[in-house]
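These notes concern the structure reproduced below.
Protein chains in written order, with my numbering: chain A, 28 to 94; chain B, 76 to 327; chain C, 368 to 566.
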C-alpha cells in the first residue's frame, strides 16, 4: 500500500525516526526484563540456600577435626 | 513516631505490605502506560501533520521530550526519596530512591540518543554543546554516579544511604550546572537552536505529546513497582514472607 | 606526584596538536586548567587513604572536637601540599603553551579559587567512598558533574582575559562559590564520613 510505504518513509527521515523509536522501545523493554531476571535469580538462590539449610538440619555435620 | 502520618501510609512502610501493594498497582500502571502510549503514538505518528519546517523528522519529539521530562522528574523523585531515606532511615525510601536511578538513567540515555538522531537531520550534527544537551549529559553522569556508588558498598543499606546523599548533592547541583552551561554557551556564542520555529505547538501535535508524557509517567510507576518488589525480595531474603514466595514459585 | 603528572600532560599537548602558536594560545588556558584538575583528582584518593588504613579516621570521627572543623583542616592541608605546587608551576605550563602574559593574572586567580573548590568538593566525595573498594573511575564519575561549573567559570575568566574582555564577573562567581563551599563542604564531608563509616 502506498500510504503504508509513505508512513514508513517518514518524509525521507526514516533513517533517523525509526532508529530513535527503536532505541526508545529497546531501552524500555530492557528496563522491564532486567528486574524479571533478577527476581528469578534471587528466588532461585534463596531456594538453594533453604534447601542447603534443611539438608544440614537433617544430616548433622560429623566432626572433621583430626587430632 | 510522627502522629500526622495516616495509618495506611505507615503500613506501606512495611515491606510485605508494600510488596502486595506494588503488585496490585503495577498491572494498572502498566496498562495505563500501554493505553496512553498506543493512543499517543498513533496520534503523533499517524494523525499529526508534518511540520512545515522539519517535515516528518519532528516526530521524534513524541519520545524525545517525554523522555527528557521523565529524566528530570525521576531525578527529583529520587532526590525526595533520598532525603526521606537519609532523614528517617526508611528502608522503603532507600529502595525507591535506588531503584529509580536506573529508570532515570534509561530515560536520560534515550533522551540523548533520540536528541542526537533528531539533531542530525535538523542541525546537521550528531552532537552540539547547547545548554539542554550538555545538561542532559551531566544528568546522565549524575545518575551513573549514584548507581555506581550504591553498588560500591557491600552493605546495601549503607550503600543506599551514601548514594542517597550523593543524589541530594546532585539535585542541588543540577540548576547550577544548567545555569553555568547556559552562560558558557553565551560566552562562546553557541548557536541557540529553537526546536520549533513557532512558539506555540498546534493542538494536533500537542495532545499526542501530552499523552506520551502521561504514558511515560505511568511506565515509571509500573517499573518502579516492579523493581521495588524485586529489591525487597533481595533485602528481606531471610524473612518468612519472602521464603513463602520463593517456595510458591518453585515450579518455574 | 601531581606536579610531575601535570607537567607531563601539559607537555604532551603540543606533541599531540602541533607547535602552531595560534592554536596553542587558544587552548592554553583550558589545557592548564583541566590538567590541574586531573592532577588534583589523582591526589584526592590520598586524602583519607592512610587515615582509613591505620584507623585514625575513625578516631577523628569519635573525637570531641567538631568533625567538620577537623575535616576542613585536613582539606586545607591537602590543598597546600597538592594544589599549591600546581598553582606555582601553572605559569610555567601556560608559558609553554604560549598563553599571553596578559591572561596570566586571570589564570592564577582562577586557579587560586578553583583548586580549593575542587579540593573541598572532592573531599566530600572521597568521604562518601571511604571504606569501599574504591575505583578511581567512580570518583572521577562522581566529581565530573560537580566540577563542570567550576571549570566553565574558571576557563571563562581566562578566555575573557585573553580576548581583552572584562573577566571579573566569572571570578566573582568563583569567589562566591568558594565562600559558600568553605562553609558547607566540611559539614557535608562530616555527614558523608559518618554515613560511610557507620554501619
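Every residue, glycine too, gets a C-beta built ideally from N, C-alpha and C.
Check                                                                                                                                                                      : Outcome
What residues from chain B crowd round residue 122/A, counting only those whose CB sits closer than 8 angstroms?                                                           : With chain A represented from 28 up to 94, any question about residue 122/A goes unanswered, as that position is not in the structure.
Residue range of the alpha helix (DSSP H) that residue 65/A falls in?                                                                                                      : 41–85
When you compare the CB of residue 171/B with every CB in chain A, is at least one pair closer than 8 angstroms?                                                           : no
Please look up how many angstroms separate the CB atoms of residue 411/C and residue 498/C, rounded, as I've assumed it's under 8 angstroms.                               : Not confirmed; about 15 angstroms, so no contact.
Which residues of chain D have a Cβ atom closer than 9 angstroms to the Cβ of residue 175/B, listed in chain order?                                                        : Among the protein chains in the structure shown, which are A, B and C, there is no chain D.
Output, in sequence order along the chain, the residues in the region 120–141 of chain B whose CB is closer than 8 angstroms to any CB in chain A.                         : 120, 121, 125, 130, 131, 132, 134, 135, 138, 139
Can you tell me the Cα-Cα spacing of residue 132/B and residue 46/A, whole angstroms?                                                                                      : 12 angstroms
Have a look at residue 74/A and residue 315/B and give me their C-alpha separation to the nearest angstrom.                                                                : 12 angstroms
Does residue 515/C get closer than 8 angstroms to chain B when you measure Cβ to Cβ?                                                                                       : yes
Please classify residue 137/B as buried or exposed, where buried requires at least 16 neighbouring CB atoms within 10 angstroms.                                           : buried
Can you name the residues of chain C whose CB is closer than 8 angstroms to the CB of residue 251/B?                                                                       : 516
Could you give the distance in angstroms between the alpha-carbon of residue 461/C and the alpha-carbon of residue 441/C?                                                  : 29 angstroms
Give me the chain A residues within the contact set of residue 320/B, using Cβ-Cβ distance strictly less than 8 angstroms, ordered along the chain.                        : 70
Against chain B, with Cβ distances strictly below 8 angstroms, would residue 65/A count as a contact?                                                                      : yes
Assuming residue 474/C and residue 457/C make a contact with CB atoms under 8 angstroms, what is their CB distance in whole Å?                                             : 6 angstroms
Can you give me the C-alpha to C-alpha distance between residue 203/B and residue 143/B, rounded to a whole angstrom?                                                      : 16 angstroms
Does residue 82/A have its Cβ less than 8 angstroms from a Cβ in chain B?                                                                                                  : no
Please report the straight-line C-alpha distance between residue 167/B and residue 304/B, rounded to a whole angstrom.                                                     : 10 angstroms
Relative to chain B, which residues along the region 43–59 of chain A have a C-beta separation below 8 angstroms, given in chain order?                                    : 43, 44, 46, 47, 48, 50, 51, 54, 55, 57, 58, 59
Where does residue 153/B fall in DSSP's three states?                                                                                                                      : helix
List the residues of chain B whose Cβ lies closer than 8 angstroms to the Cβ of residue 74/A, in chain order.                                                              : 321, 322, 325
Using 10 angstroms around the beta-carbon of residue 432/C, count the other beta-carbons present and answer buried if the total reaches 16, otherwise exposed.             : exposed
Along the region 182–214 of chain B, where does the CB come closer than 7 angstroms to a CB of chain C? Name the residues.                                                 : 213
With distances taken Cα to Cα, identify the nearest neighbour of residue 300/B among 44/A, 36/A, 59/A, 50/A.                                                               : 59/A
Per DSSP, residue 327/C is paired with what?                                                                                                                               : With chain C covering only 368 through 566, there is no way to say anything about residue 327/C.
Just verifying my parser: in three-state terms, what is the DSSP assignment at residue 126/B?                                                                              : strand
Relative to the C-alpha of residue 471/C, which candidate in 482/C, 455/C, 416/C has its C-alpha closest?                                                                  : 455/C
Looking at C-beta atoms only, is the number of pairs between the region 34–53 of chain A and the region 115–134 of chain B that lie closer than 8 angstroms three or more? : yes
Is the separation between the beta-carbon of residue 559/C and that of residue 464/C shorter than 8 angstroms?                                                             : no
Just the C-alpha distance for residue 29/A and residue 35/A, rounded to the nearest angstrom, thanks.                                                                      : 10 angstroms
If contacts are defined as beta-carbon pairs under 8 angstroms, then residue 169/B and residue 236/B qualify, I think. What distance do you get, rounded to the angstrom?  : 7 angstroms
In angstroms with no decimal places, state the Cα-to-Cα distance between residue 322/B and residue 310/B.                                                                  : 17 angstroms
Assign residue 503/C to one of two classes, buried (16 or more other C-beta atoms within 10 Å of its C-beta) or exposed (fewer than that).                                 : exposed
Alpha helix (DSSP H) containing residue 311/B: first to last residue?                                                                                                      : Per DSSP, residue 311/B belongs to no alpha helix (DSSP H) and is neither H nor E.
Classify residue 219/B as buried or exposed, calling it buried when 16 or more other Cβ atoms lie within 10 Å of its own Cβ.                                               : buried
Based on Cα-Cα distance, which residue from 207/B, 283/B, 208/B lies nearest to residue 330/B?                                                                             : Outside the modelled stretch of chain B, which goes from 76 to 327, sits residue 330/B, for which no answer is possible.
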